[in-house]
Structures are given as structure tokens and as C-alpha cells.
Amino acid sequence: EPEVTQTPSHQVTQMGQEVILRCVPISNHLYFYWYRQILGQKVEFLVSFYNNEISEKSEIFDDQFSVERPDGSNFTLKIRSTKLEDSAMYFCASMKGGNTEAFFGQGTRLTVV
Amino acid sequence: GESVGLHLPTLSVQEGDNSIINCAYSNSASDYFIWYKQESGKGPQFIIDIRSNMDKRQGQRVTVLLNKTVKHLSLQIAATQPGDSAVYFCAEDFTGANSKLTFGKGITLSVRP
Chain A
1 EPEVTQTPSH QVTQMGQEVI LRCVPISNHL YFYWYRQILG QKVEFLVSFY
51 NNEISEKSEI FDDQFSVERP DGSNFTLKIR STKLEDSAMY FCASMKGGNT
101 EAFFGQGTRL TVV
Chain B
1001 GESVGLHLPT LSVQEGDNSI INCAYSNSAS DYFIWYKQES GKGPQFIIDI
1051 RSNMDKRQGQ RVTVLLNKTV KHLSLQIAAT QPGDSAVYFC AEDFTGANSK
1101 LTFGKGITLS VRP
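Residue numbers (this note's numbering), protein chains in the order written: chain A, 1 to 113; chain B, 1001 to 1113.
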């Protein structure tokens, strides 16, 4: 069964450092997303990406965040200068079409120290 | 403001009993609703979805009910099993073509043997 894969599974970084979280969405999907989940809280939308551009972004997705689809398979989330409050699980998701099932990856646990 | 929320933070049920998990949403423009299950350390896993033109949808051991009049969504799990123990999230999609999911707060389902 096709799945969304994310790497690394766990990333520890120093405050102020840049991190890149990587995702390989399901191959025939067209919509890509990043969500995050602070421990014990609900899943929060960060950004959606369609047709090689950002469709929508939340208030959380400020200038420190960027996304890129550098080739036909990868979808990355970059945090330029990490803060302690960026510590969370980051989930990538992909969707074949609008208003259809979103498939989530296993997540990357980001710990900022 | 717009929100999706769950009525109870935890639910404990006896193995074999039926479980009912409830969710309220506030955006009447939402037209697609999904229930996700999240096991510890994993990403959200799709359970069942329903569109706003339906009141009820059944899957294998699960049923989702949608009451648009009172903006209420419920998930019924028949013959609850230990493997059903997880955090359950309802989510809504109300951005039409852009499609982003807004998640409610999770509810923990604990199945007693």
C-alpha cells in the first residue's frame, strides 16, 4: 500500500539552527501539506502546497518557515532559525484531490534545545 | 471563532461494548468531515469520512453520523477491541479547492479488557 514517508524520524537541534524536514508524498497525489502537533495537543495546519506553490498557510507559518518541492518526489519543510517552541511532531500529508482522504506520514519529532 | 472541538477528553469502554465519540464544529460552510485515529508515536490514520450531503456513512465496525442542524459529528465503533485504543480526532475541511483540514482536540479511547 502506498504511504507517505518522512525523514528523519527524530531530529534534535540547537536553538537558532536551521533544520530541513523531508517528506516523500504518495506518487500520484497533487496536494501536499505540513501539519504539526505539540505534545498532547491537537494537530495544527501549517501550509498547503499545490501546483508548485503555496495555496494557504497558517499564522504559525511565518517567515522562518519555507517549503519546497525540489524534484518530482520530495517535499521539504525548512525552519530557518529554530526556536524552543518549534519543538513538536511535524507531519507531512498528501492528498490525491481536493476534499479527499489525506494520508499522513509517521512524523518527524523535532526537539529544539 | 471557527473551531472543531470534542466534548470529552477521555473515554473508557469495556471490550466488546460499542463506543461513541462526539465532535462539534462551528463552521456551517464545512462540507467534508473525517475521523482520524492516532496511535502513540504515529501519524493520524484515516478511519472514515462523510460529506455534507450525507447524514450517515458506515464502514467496517464504524459509523459516522453528521447532524448539520446542530453541527455535530459522531463516530460509533461497534464491538470495541483493545486495538481500538488510541486518540481520535475529528477534522473538517472548509476551504473548497484548497482543502486544508482543521482538527479538533483529540479524545483518548481506552478499552478495558
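Note that CB positions come from ideal geometry on N, CA and C, so glycine has one too.
Note that the coordinates shown come from a computational prediction; the quantities given were computed from them, not determined experimentally.
Interface flag, PHE65 (chain A) vs chain B, CB-CB below 9 Å: no
In its own chain, which residues sit with a C-beta less than 6 Å from the C-beta of GLU68 (chain A), not counting the 5 before and 5 after it? THR76
Residue-chain proximity (PHE45 (chain A), chain B), Cβ-Cβ < 9 Å: yes
Proximity of ARG80 (chain A) and ILE60 (chain A) at Cβ, strictly below 9 Å: no
Could you tell me which of A:SER87, A:GLY98, A:CYS92 and A:PHE32 sits nearest to GLN11 (chain A), measuring between CA atoms? A:SER87
Would you identify the three-state DSSP class for ASP86 (chain A), choosing helix, strand or coil? helix
Selection from B:TYR1025, B:GLN1076, B:SER1099 and B:THR1102 that minimises the alpha carbon distance to LEU1011 (chain B): B:GLN1076
Kindly indicate which three-state DSSP category ASP1084 (chain B) falls into: helix, strand or coil? helix
Could you check whether the Cβ of LEU1011 (chain B) sits closer than 9 Å to any Cβ belonging to chain A? no
Excluding the 5 residues preceding and the 5 following LYS1068 (chain B) in the sequence, name in chain order all residues of the same chain whose CB lies nearer than 7 Å to its CB. SER1052
Under 7 Å from the C-beta of GLN11 (chain A): neighbouring residues of chain B: Simply none; closest approach about 15 Å.
GLU101 (chain A) touches chain B at which residues, Cβ-Cβ below 8 Å? ILE1034, PHE1046 and ASP1049
Of all the CB atoms in chain A, is at least one closer than 9 Å to the CB of GLY1104 (chain B)? yes
For LEU21 (chain A), does the count of other Cβ atoms within 10 angstroms reach 16, so buried, or fall short, so exposed? buried
Using a beta-carbon distance below 9 Å, is VAL112 (chain A) in contact with chain B? no
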